Structure formats: C-alpha cells, structure tokens
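Note that the sequence shown covers residues 1444 to 1661 in my numbering.
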Amino acid sequence: MSAQFTPTPGPLLLTPKDHVLVMIDFQSQMSFATHSIDAVNLRTNAALVAHAAAGFEVSTVLTTVAEKSFSGPMFSEITDAFPGQALLDRTSMNTWEDAAVIKRLNEIGKKRIVLAGLWTSVCIVGPALSALEQGCEVYVIADACGDVSLEAHNRAMDRMVQAGVRPMTSLQYLLELQRDWARTSTYDMTTGIAKRFGGAYGLGIIYAKSMFGASEGH
C-alpha cells in the first residue's frame, strides 16, 4: 500500500500560541565573560528572537539575576521589543527555582518551553533539565545562548539534548513562527525583522526587494 501524505505541519513544530519563551540573564556582567559567540552576534540573535516573539504575540517571560546589585540591565534590544513588561529579578542561578518565575509560568499555563540566555551551562541547563523533569517539552535557541568558552557551550548543549531538549537557532525560530509566506498578516513584520536582524539573509531580502521587487509569497 502506498503512503498517503497530507499537507499538514508536524506537531513538533512551534506555533506562536503553543509555547512560552523565557529569555534569561541577557545582562552586561554575564556577557563580559561570554566567549562562545561574538557579542555583536549574540545581541543581534537575542534581538531577533525577542522581536519575533513580540511580533507574533508569544507569551514571554523576561528574567534577570541580581540586576541592581551586580549583573546590570537586560539588553535594550530585548526590552525594547516588550515596552513596559516587568523583568523578574532573581537570586537563584536556576530560573526554575525562582518562585515568581514559576508563578508566572503557571499563570501562562503552557508546557512547551523555549529558552535563550546566558550562560548556557548554568542559566539554561538549570531550567531546561528542571522543566523536563516536570513534564515540559523544552526547546533551546542555541545561537541566542552563550558561555565562557565554546567548550562550555557545546557540552551544555550536548547534556541538554541527551536529556531530551530540542535545539534550534534564532532565525529558525522566526521562520518557524511564520512558516508560510502566504500568511500576509505577518509577512511584512517577518521580513522586516529579518532585514533588521537577519544578517546576510536580511541583506538578501533587501537586495531582492530593491532590485526587482521580489516577494517570497509569489
């Protein structure tokens, strides 16, 4: 019997309404010692993720550690995407051990968690493994995370993937939320975010639109 396929997306793909994004400790003190990724790329990728989530109205939690006393403010590229949203400041390195964060996650009520932040081996591994233990599906945006060395970042990603975490990238996150260029209501927003934060891909969009009016939807 031949296979009968349908034009239906797989359930492991993210949609704007099926998950909560948690952006963790994108702060000056944490970024100073981050060497697994260039600081400019890190900030650009974090901005891309934040603006994608804000544009698609993804439930998002922003959390910092010791903001006033030690680590400094969250990157403005992130907070600018969520004007007026409160930052949940913690003392715990593991976000999942903070009562205020868990209270907010319980209010949102979604068991599919997407994580990004600094450092991968501490501030991301902690909540990732904790969330998995409590029955969540966990995705980590690998290139919107960073660590004190490439070795530290890679081993942290290995550890999480072995435990069941699903890795992805920042541009993948944006395009997975859009997924179909025929979705005209979010087309301009998606290409606008890509042009602003999408690196060479964004330059390609600018070139194609400027030179011959190209459109991905046609």
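The C-beta atom is built at its ideal place from N, Cα and C for all residues, glycine as well. Every value quoted in this text rests on a predicted model; they were computed, and no experiment measured them.
Problem set entry | For Arg1547, the three-state DSSP class (helix, strand or coil) | Taking the first residue of the sequence shown as 1, we reach residue 1547 at position 104. In the structure shown, Arg1547 sits in a helix (DSSP, three-state: H, G or I).
For this session: Give the straight-line distance between the Cα atoms of Cys1579 and Ser1502, rounded to the nearest whole angstrom.
Result: Mapped onto the sequence shown, residue 1579 falls at position 136. Mapped onto the sequence shown, residue 1502 falls at position 59. Between Cys1579 and Ser1502, the C-alpha separation is close to 16 Å.
For this session: Taking 8 Å as the threshold, find out whether the region 1622 to 1634 comes into contact with the region 1593 to 1613 through three or more Cβ pairs.
Result: no
Exercise. Is the beta carbon of Tyr1644 sitting closer than 9 Å to the one on Ala1495?
Worked result: Against the sequence shown, residue 1644 aligns to sequence position 201. Against the sequence shown, residue 1495 aligns to sequence position 52. Taking 9 Å as the Cβ cut-off, Tyr1644 and Ala1495 do not qualify as a contacting pair.
Exercise. Asp1532 bridges to which residues according to DSSP?
Worked result: Numbered from 1 along the sequence shown, position 89 holds the residue referred to as residue 1532. The partner list for Asp1532 (beta bridge, DSSP) reads Thr1507.
Exercise. Which whole runs of the alpha helix (DSSP H) in the region 1445 to 1526 are 4 residues long or more, in chain order?
Worked result: 1471 to 1475, 1482 to 1498, 1519 to 1522
For this session: Please state if the CB of Leu1558 and the CB of Phe1469 are separated by a distance shorter than 9 Å.
Result: Residue numbering aside, residue 1469 sits at position 26 when the sequence shown is read from its first letter. Residue numbering aside, residue 1558 sits at position 115 when the sequence shown is read from its first letter. In this structure, Leu1558 does not lie closer than 9 Å to Phe1469 by Cβ.
Problem set entry | Cβ pair count under 8 Å reaching 3, the region 1484 to 1494 against the region 1543 to 1550 | no
Problem set entry | Spatially closest choice to Val1465 from Asp1523, Ala1476, Val1483, Ala1574, by CA coordinates | Position 22 of the sequence shown holds residue 1465. Taking only the C-alpha atoms, the option nearest Val1465 is Ala1574.
Exercise. Taking the alpha-carbon positions, what's the Lys1638 to Gln1447 distance?
Worked result: Counted from its first residue, the sequence shown places residue 1638 at position 195. Counted from its first residue, the sequence shown places residue 1447 at position 4. Approximately 38 Å, taken between the alpha carbons.
For this session: For Ala1625, name the three-state secondary structure that DSSP assigns.
Result: Taking the sequence shown and counting its residues from 1, the one referred to as residue 1625 is at position 182. Coil.
Exercise. Exposed or buried, Leu1620, counting other C-beta atoms within 10 Å across all chains shown (16 or more means buried)?
Worked result: Taking the sequence shown and counting its residues from 1, the one referred to as residue 1620 is at position 177. Leu1620 comes out buried.
Exercise. Which runs of the alpha helix (DSSP H), 4 residues or longer, sit entirely within the region 1580 to 1646?
Worked result: 1593 to 1606, 1613 to 1621, 1627 to 1640
For this session: Specify whether the region 1517 to 1534 and the region 1476 to 1484 touch according to this definition: at least 3 beta carbon pairs, one from each stretch, less than 8 Å apart.
Result: no
Problem set entry | Environment of Thr1633 [buried if 16+ CB atoms lie within 10 Å] | Your numbering for residue 1633 matches position 190 in the sequence shown. Flag for Thr1633 reads buried.
For this session: Locate the beta strand (DSSP E) running through Gly1560, then write down its first and last residues.
Result: On the sequence shown, position 117 is the one that residue 1560 refers to. Per DSSP, Gly1560 belongs to the beta strand (DSSP E) from 1555 to 1560.
Problem set entry | Close-in-space but distant-in-sequence residues of the same chain around Ser1592 (CB under 8 Å, 5 per side omitted) | As a first step, residue 1592 must be located in the sequence shown, where it is residue number 149. Excluding residues within five positions, the ones whose Cβ falls inside 8 Å are His1478, Ser1479.
Exercise. Whose CA, out of Met1444, Lys1511, Thr1451, Thr1449, lies closest to the CA of Gln1472?
Worked result: Position 29 of the sequence shown, counted from the start, is the residue given in the question as residue 1472. Per the Cα distances, Lys1511.
Problem set entry | N-terminal and C-terminal residue of the alpha helix (DSSP H) that Glu1576 is part of | Here residue 1576 corresponds to residue number 133 of the sequence shown, with the count starting at 1. Its alpha helix (DSSP H) spans residues 1568 to 1576.
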